[in-house]
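Asks: I am attaching a structure below and will ask some questions about it afterwards.
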Amino acid sequence: MHTIMSKGASLKGVLLVVLLESNMFLPKTAVTSLPVCPSGSTGCQVSLGDLFDRAVKLSHYIHSLSTEMFNEFDERYAQGRGFITKAINGCHTSSLTTPEDKEQAQQIHHEDLLNLVLGVLRSWNDPLLHLVSEVKSIKEAPDTILWKAVKIEEQNKDLLEGMEKIVGQVHPGEIENEVYSRWSGLPSLQMADEDSRLFAFYNLLHCLRRDSHKIDNYLKLLKCRLIHDSNC
Amino acid sequence: MGEALPIHHSFFCARYPLVLLFFLEEEANNMKQNLASSVIFIFLLFLNTECLNEQSPPGKPEILKCRSPEMETFTCWWKPGSDGGLPTNYTLFYSKEGKEQSYECPDYKTAGPSSCYFDKKHTNLWKYYNISIKATNKMGSNISNPHCVVLTSIVQPDSPVNLSLEVTQAAGIFYLWAKWSPPPLVDVRSGWVILHYELRIKSEEKEDWETIFVGQQAQYRGFKLLPGLNYIIQVRCMLNHGEWSEWSSGSYIQIPNGQPPGRPELLRCRSPEKETFTCWWKPGSDGGLPTNYTLFYRKEGDKSTNECPDYRTAGPSSCYFDKKHTSLWTTYTITVKATNKMGSNISEPQYVDVTYIVQPDPPVNLSLEVKKQVDGKPYLLLKWYPPPLADVKSGWLTLEYRLRLKPEEGEEWETIFVGHQTQYKLFSLNPGKKYIAQVHCKPDHGKWSEWSAENYIQIPSDIELKDVIVWISVAVLSVICLIIVWTIVLKGYNMVACILPPVPGPKIKGLDTHLLETGKSEELLSALGCQDFPPTSDCEDLLVEFLEVDDSEDQQLMPSHEKGKNMKSSHKETDRDSGRGSCDSSFLLSEKSSEPRVPPSAFQTPNLSEIPENNLRKSNFEIQTIDRKGKIPNISTGGVKLSTWPGAQLPNNQAPKWSYHNTADICKIALDTVNVKVSSVLVGTEETQQIQHSKPIETISEEKLDKKGEMKSLHSKVHQDTIQFLSNEKSPFLSAKLMDYVEIHKVNQAGTRAVLPKQKENHGKTENCTVPGTSKEYAKVSRVVDNSILVIIPVSSVQTTPMFQDPLEESVHNLQQSQTEKNMSYCFTAPSEHKIDSGGIDYLDPTSFMCSFN
């Protein structure tokens with residue numbers, strides 16, 4: 034609605050007719066955002082399409098934040114330390130086998146992919162919590178990094194919640210066991226040696242950026258597959 | 002012969018002279034003379050050969066050398082002495098140190114002729130060998146000097162083999178690296194013997210060898226080589242301080258003119274669709290030599306390093322990773338190695354995650370289209386397609402787009418973020434400009450693509466241009482009209498003034514005389530009075546009449562009409578008397594017109610009596626026409642529109658035009674002029690009429706553009722009418738002027754509305770003509786009506802006059818007596834007589850109309 038309205042406003046000399054039309058669209062769009070009440074279910078639900086829209090927005094945002102945070106950290110603390118060479122093979126979620134290219138991602142069943150997304154998201158609950166608390170220990174840690182860590186932690190929870198709803202709609206009743214990859218990196222974040230500690234942060238942020246992209250990519254793929262029948 | 006042979010014998014074979022001689026004598030005696038000589042010759046030859054073989058005991062042989070190549074066996078060679086001309090046997094005897102017994106050589110064959118090979122069995126390393134050679138033949142034997150041999154002292158290895166050369170490079174300097182193998186016989190490995198090597202080297206063009214003692218290694222490195230030279234290298238070896246072997250065969254090496262490659266640099270990696278990716282590198286210097294580049298990568302989690310799977314697909318200095326070799330969320334460690342003859346160099350490693358190197362191709366098929374909104378305003382519709390490689394549909398890649406536009410000559414782009422849509426409507430356009438548009442795209446997390454190819458579009462400006470053109474044309478036209486009208490007013494004024502005066506004169510005469518005489522002038526006036534709008538025209542008519550009165554018939558009319566006096570004195574003066582007011586004054590300003598009036602002679606025609614009647618008719622007729630406003634077609638009975646106005650005089654005709662138009666505007670205009678007209682009636686100036694006439698035209702043209710069509714038609718009608726009038730009832734005096742009017746009308750029909758001034762010459766002519774014309778009023782009436790246009794050709798007065806005189810006179814009489822009858826008769830008679838060309842339709846027969854109306 035807003036887009037239509039703002040467009041209408043931005044178009045100079047647009048006829049009243051156009052405005053009227055846009056007004057006519059108002060109720061329609063409102064209708065689409067109304068919750069869908071599937072027959073047989075106890076309560077009204079937000080449609081799967083809307084759930085995916087929100088999830089994709091969230092995941093997109095999380096990845097943007099994590100990318101910014103990583104770049105900021107990299108610029109500030111990692112210059113000339115060669116962290117990248119050490120950061121290989123260092124993600125705690127690498128134990129979860131995820132598709133590594135489009136073909137794999139398209140071949141995997143959407144329910145499995147959804148569960149993988151859930152697993153990755155859950156795997157980050159713990160580290161994100163600690164990240165928020167430990168970032169404060171970094172010397173001269175800029176507020177922006179801290180703020181982003183907090184934000185990501187919140188959004189990740191939201192996304193997890195949304196994903197659980199989506200999974201609940203895609204295959205209702207059947208809720209997967211909480212599969213996730215345990216993180217044991219807390220001690221490394223608290224190491225006395227600054228270089229090691231910074232590397233631990235670097236690695237964590239590097240992995241966060243990677244996994245958030247993974248999730249975002251999988252969700253966009255799933256959205257097109259489930260909502261638009263692979264014709265976005 | 003017999004004598005000579007013995008001499009020969011004795012000379013060569015000193016040992017057997019007697020035998021030979023004896024033999025020869027016997028032979029000679031026993032044989033025939035002929036045969037004997039030949040046989041003797043053969044024998045001589047035989048003897049001779051016998052003599053050359055020198056049959057004697059062998060000479061003393063000599064032991065040349067003994068050699069052991071590996072300290073396990075050895076071989077001795079000897080040099081045979083003379084064999085005494087006989088087959089000679091050579092036998093080698095040896096005795097070992099401390100032993101008396103001597104042995105013969107164990108093996109004459111292995112080492113070739115004149116040699117003896119002592120195999121391992123017969124070789125005792127630590128003992129002396131006493132060796133001698135005995136040569137034996139039929140004649141006797143000979144023994145060489147004994148040769149004492151100690152094995153250790155006769156060791157000389159074979160040459161080293163398999164000499165290979167390489168060049169190493171360090172700090173830009175080339176070094177030799179030579180490798181070889183020890184001679185095959187020598188058992189180096191067991192440590193039984195020790196070999197020492199020597200290497201010599203020279204550049205091809207030099208004479209002197211440089212010899213390097215290498216030591217025990219079978220390789221050598223470090224000799225400095227100069228680029229661009231060709232070197233030859235040999236090696237030899239020595240066994241345990243024995244003798245040096247022969248030099249090996251030479252090996253050659255060409256030191257190229259070049260350097261090892263510089264360090265390549267991995268420039269960037271890019272994935273256009275998140276499914277494959279390509280890395281490009283920048284080669285370092287190639288050192289002037291052909292250099293190979295190899296890209297190595299190692300994926301996170303893999304232990305092995307792999308070489309680039311595809312160097313070709315993405316062009317030179319690139320490596321293409323197809324889908325199989327591409328994984329996301331994995332770090333690739335990538336290096337590039339450059340190698341040439343002189344060495345190699347490896348780039349800094351790059352760490353690549355395909356996720357972060359996605360940069361799509363630019364969007365394709367950007368199309369621009371100008372469309373119109375509902376209100377007709379144009380907008381630009383831009384459409385494009387995502388790059389073909391990008392899989393947008395599956396959601397694997399999500400693209401956002403950005404447009405940029407600028408006028409062709411502009412410098413600054415206007416960039417518009419579009420979002421996920423693949424089309425955009427642009428409303429703020431400058432019409433008439435040519436725009437350049439481009440689009441590019443970006444994955445949700447990635448880099449913007451290149452801009453697409455430039456697309457041009459011309460925003461049409463037709464709408465505004467049309468407006469402008471219309472307005473300009475309108476302006477131009479109006480200006481032209483103004484100019485024309487203005488010129489008409491200025492120039493035509495005079496002309497018309499000159500032309501008109503004579504016309505009204507005669508009519509007025511008639512009117513005046515008649516009315517004045519009867520004393521009904523006032524009635525007449527009232528009858529003709531401007532009661533309605535159309536009456537204004539009547540007024541004009543009246544004016545004309547009165548004008549004529551004033552001008553032409555000064556003498557006659559003046560006494561009868563008060564106003565005449567005024568006229569006489571001056572037009573200006575007349576204003577005061579008649580109260581014509583200011584209206585007239587404007588018209589009166591031009592006094593010139595007053596002078597070229599109808600010549601007095603014309604006015605003095607005897608037909609005066611008739612004219613009043615005509616005037617009366619006119620007046621009546623006019624009234625009628627006025628009543629029938631808008632019924633022009635009806636009026637034009639008989640299908641001839643033009644014929645409706647026969648009774649009107651020229652001035653009258655002009656007025657009726659306006660009455661016909663009858664549009665409010667005209668009426669107003671006419672009303673404005675009513676006063677003037679009225680006054681002008683009193684004044685009787687022809688000028689006023691003309692001016693009035695012209696004025697309305699102007700106003701019409703200006704104010705009633707929309708009714709142009711009508712107006713034009715009206716004008717034409719009017720003009721035609723006037724022509725007809727002229728032709729019909731024009732008094733003889735007018736006949737000459739008819740021409741003038743005709744011309745004017747033509748001009749009018751041309752649409753210029755300009756009254757072309759008739760040359761004054763004509764004027765003069767007309768005046769002249771009028772004189773005869775007066776008598777032939779009707780005869781000069783219009784002859785031809787073309788279509789709706791009446792072209793009046795002036796009939797030469799001379800010709801016409803005789804023709805018309807009679808009927809004219811008759812008509813005059815008739816008119817005077819009984820108008821109706823005579824008019825009727827005239828109506829019938831006149832056409833035939835006049836031989837009007839224009840069939841019956843266009844023929845303007847004043848009388849006929851007269852008849853109808855009367």
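Those protein sequences? They're chains L and V, same order as listed.
Mapping the first sequence onto the working numbering, position 139 (from 1) lands on 172, and the numbers just tick up by one.
Mapping the second sequence onto the working numbering, position 386 (from 1) lands on 387, and the numbers just tick up by one.
Backbone N, C-alpha and C fix where the C-beta goes; we use that ideal spot for every residue, glycine too.
Just so we're clear, the structure is a prediction, and the values are computed from it rather than from any experiment.
#1: When the cut-off is 8 Å and only beta carbons count, does K253(L) lie next to chain V?
#2: State yes or no: is the beta carbon of W193(V) nearer than 8 Å to at least one beta carbon in chain L?
#3: Per DSSP, T169(V) forms a beta bridge with which residues?
#4: Under three-state DSSP, which class holds Q140(L)?
#5: Within this structure, are the beta carbons of E455(V) and I437(V) separated by less than 8 Å?
#6: Are P228(V) and F175(V) touching if we call contact CB-CB under 8 Å?
#7: Keeping to the same chain, check which residues put their C-beta closer than 7 Å to that of T356(V); ignore five residues upstream and five downstream.
#8: Please list, in chain order, all residues of the same chain as A172(V) whose beta carbon is under 8 Å from its beta carbon, the five residues on each side excluded.
#9: Helix, strand or coil for H235(L), going by three-state DSSP, please let me know.
#10: Are the CB atoms of I134(V) and T104(V) within a distance shorter than 8 Å?
#11: Drop a sphere of 10 angstroms on the beta-carbon of E71(V), count the other beta-carbons inside from all chains shown, and report buried for 16 or more, exposed for fewer.
#12: Let me see if you follow: with CB-CB separation under 8 Å, is T133(L) close to chain V or not?
#13: Take T306(V) and list the residues in its own chain whose beta-carbon comes closer than 6 Å to its own, dropping the five residues that flank it on each side.
#14: Going by beta carbon distance, what residues of the same chain come within less than 7 Å of S69(V), once the five residues before and after it are set aside?
#15: Could you check whether the stretch 84-101 of chain L touches the stretch 245-261 of chain L, counting it as contact only if at least three pairs of C-beta atoms, one from each stretch, sit closer than 8 Å?
#16: Taking 8 Å as the threshold (C-beta atoms), are G289(V) and Q260(V) in contact?
#17: Looking only at C-alpha atoms, which of R258(L), R243(L) and G218(L) sits nearest to T100(L)?
#18: Can we say the stretch 274-294 of chain V touches the stretch 367-384 of chain V, given the rule of at least three CB pairs closer than 8 Å?
#19: Under three-state DSSP, which class holds K256(L)?
#20: Let me make sure I understand the geometry here. Which of C67(V), G420(V), Q459(V) and A179(V) has the alpha-carbon closest to that of K435(V)?
#21: Taking 8 Å as the cut-off, does the stretch 423-430 of chain V touch the stretch 166-178 of chain L (at least 3 CB pairs, one atom from each stretch)?
#22: Using a Cβ-Cβ distance cut-off of 8 Å, determine whether K256(L) contacts chain V.
#23: Step through the CB atoms of chain L and report whether any lies within less than 8 Å of the CB of L329(V).
#24: For the alpha helix (DSSP H) containing N13(L), name the first residue and the last one.
#25: Taking a cut of 8 Å between CB atoms, which residues from the stretch 292-305 of chain V lie near chain L?
#26: Is the separation between the beta-carbon of L155(L) and that of Y110(L) shorter than 8 Å?
#27: Closer than 7 Å by beta-carbon distance: list the chain V residues that pair up with E136(L), in chain order.
#28: Mind listing the chain V neighbours of N122(L)? Cutoff is C-beta to C-beta under 8 Å, in chain order.
#29: Tell whether a beta-carbon distance below 8 Å holds between E900(V) and R405(V).
#30: What residue from V187(V), V189(V), N163(V) and K61(V) has the CA that sits closest to W181(V)'s CA?
#31: Using a C-beta to C-beta distance shorter than 8 Å, which residues of chain V count as neighbours of I117(L)?
#32: Alpha helix (DSSP H) containing S252(V): first to last residue?
#33: I want to verify the contact list: residues of chain V whose CB lies under 9 Å from the CB of T100(L), in sequence order.
#34: Name the two residues that bound the continuous alpha helix (DSSP H) containing V183(L).
#35: At a Cβ cut of 7 Å, what residues of the stretch 233-244 of chain L count as close to chain V, listed as they run along the chain?
#36: Around the C-beta of M102(L), are 16 or more other C-beta atoms found within 10 angstroms, so that it is buried, or is it exposed?
Replies: So, to answer that:
#1: The residue given as residue 253(L) occupies position 220 in the first sequence. With 8 Å as the cut-off, K253(L) counts as an interface residue toward chain V.
#2: One-based indexing of the second sequence puts residue 193(V) at position 192. Under the Cβ criterion of 8 Å, W193(V) is not counted among the residues facing chain L.
#3: As a working mapping, residue 169(V) is identified with position 168 in the second sequence. According to DSSP, T169(V) bridges with Y176(V).
#4: In the first sequence, the residue the question calls residue 140(L) occupies position 107. In this structure, Q140(L) counts as helix in the three-state DSSP scheme.
#5: If you number the second sequence from 1, residue 455(V) lands on position 454. If you number the second sequence from 1, residue 437(V) lands on position 436. Yes; because the gap between Cβ atoms is below 8 Å, this pair is in contact.
#6: Stepping through the second sequence from its first residue, residue 228(V) is reached at position 227. Stepping through the second sequence from its first residue, residue 175(V) is reached at position 174. Less than 8 Å divides the Cβ of P228(V) from the Cβ of F175(V).
#7: What you label residue 356(V) is simply residue 355 of the second sequence in a count that begins at 1. For T356(V), where only same-chain residues beyond five positions count, the Cβ hits under 7 Å are L329 and W330.
#8: Walking along the second sequence from the start, residue 172(V) turns up at place 171. Counting only Cβ-Cβ distances below 8 Å, and skipping sequence neighbours, we find nothing.
#9: Numbered from 1 along the first sequence, position 202 holds the residue referred to as residue 235(L). Reading the sequence as shown, one finds Tyr at residue 235(L) and not His. It is helical.
#10: In the second sequence, the residue the question calls residue 104(V) occupies position 103. In the second sequence, the residue the question calls residue 134(V) occupies position 133. It is worth fixing the name first, because residue 104(V) is Tyr in this sequence and not Thr. No.
#11: Taking the second sequence and counting its residues from 1, one reaches residue 71(V) at position 70. With 16 or more other Cβ atoms within 10 Å, it is buried.
#12: Start at 1 with the first residue of the first sequence, and residue 133(L) comes out as number 100. Before going on, a small fix: residue 133(L) reads as Glu here, not Thr. Taking CB atoms only, E133(L) has a neighbour in chain V less than 8 Å away.
#13: The residue you call residue 306(V) lines up with position 305 of the second sequence. Around T306(V): F297 and R299.
#14: As a working mapping, residue 69(V) is identified with position 68 in the second sequence. Only F75, L152, I155 and V156 meet the Cβ criterion.
#15: yes
#16: Mapped onto the second sequence, residue 260(V) falls at position 259. Mapped onto the second sequence, residue 289(V) falls at position 288. Yes; because the gap between Cβ atoms is below 8 Å, this pair is in contact.
#17: By 1-based counting over the first sequence, the position of residue 100(L) is 67. When each option's Cα is compared against that of T100(L), the closest is R243(L).
#18: Too few Cβ pairs lie closer than 8 Å, so no.
#19: On the first sequence, position 223 is the one that residue 256(L) refers to. Reduced to three states, the DSSP call for K256(L) is helix.
#20: Within the second sequence, the letter at position 434 stands for residue 435(V). Per the Cα distances, Q459(V).
#21: no
#22: The sequence position of residue 256(L) within the first sequence is 223, counting from 1. True, the Cβ-Cβ gap to chain V drops below 8 Å.
#23: Start at 1 with the first residue of the second sequence, and residue 329(V) comes out as number 328. True, the Cβ-Cβ gap to chain L drops below 8 Å.
#24: This structure cannot speak to residue 13(L), because chain L is shown only from 34 to 265.
#25: E301 and G302
#26: Taking the first residue of the first sequence as 1, we reach residue 155(L) at position 122. Taking the first residue of the first sequence as 1, we reach residue 110(L) at position 77. Strictly speaking, residue 155(L) in this sequence is Arg, with Leu absent from that position. The answer is no: Cβ separation not under 8 Å.
#27: Your numbering for residue 136(L) matches position 103 in the first sequence. Under the 7 Å cutoff, chain V gives K324.
#28: Numbered from 1 along the first sequence, position 89 holds the residue referred to as residue 122(L). Chain V residues near N122(L): E301 and G302.
#29: The requested residue 900(V) is not part of the displayed model; chain V covers only 2 to 855.
#30: Looking up residue 181(V) in the second sequence gives position 180. The candidate whose alpha carbon is nearest that of W181(V) is N163(V).
#31: On the first sequence, position 84 is the one that residue 117(L) refers to. Here the neighbours are T332 and Y352.
#32: Translated into the one-based positions of the second sequence, residue 252(V) becomes position 251. That residue, S252(V), is in no alpha helix (DSSP H); its beta strand (DSSP E) goes S252 to Q255.
#33: Taking the first sequence and counting its residues from 1, the one referred to as residue 100(L) is at position 67. By Cβ distance, chain V contributes Y357 and H446.
#34: Within the first sequence, the letter at position 150 stands for residue 183(L). From DSSP, the alpha helix (DSSP H) with V183(L) extends over D176 to V203.
#35: R243
#36: Within the first sequence, residue 102(L) is the residue found at index 69, counting from 1. The residue in question, M102(L), is buried, as its Cβ has 16 or more Cβ neighbours within 10 Å.
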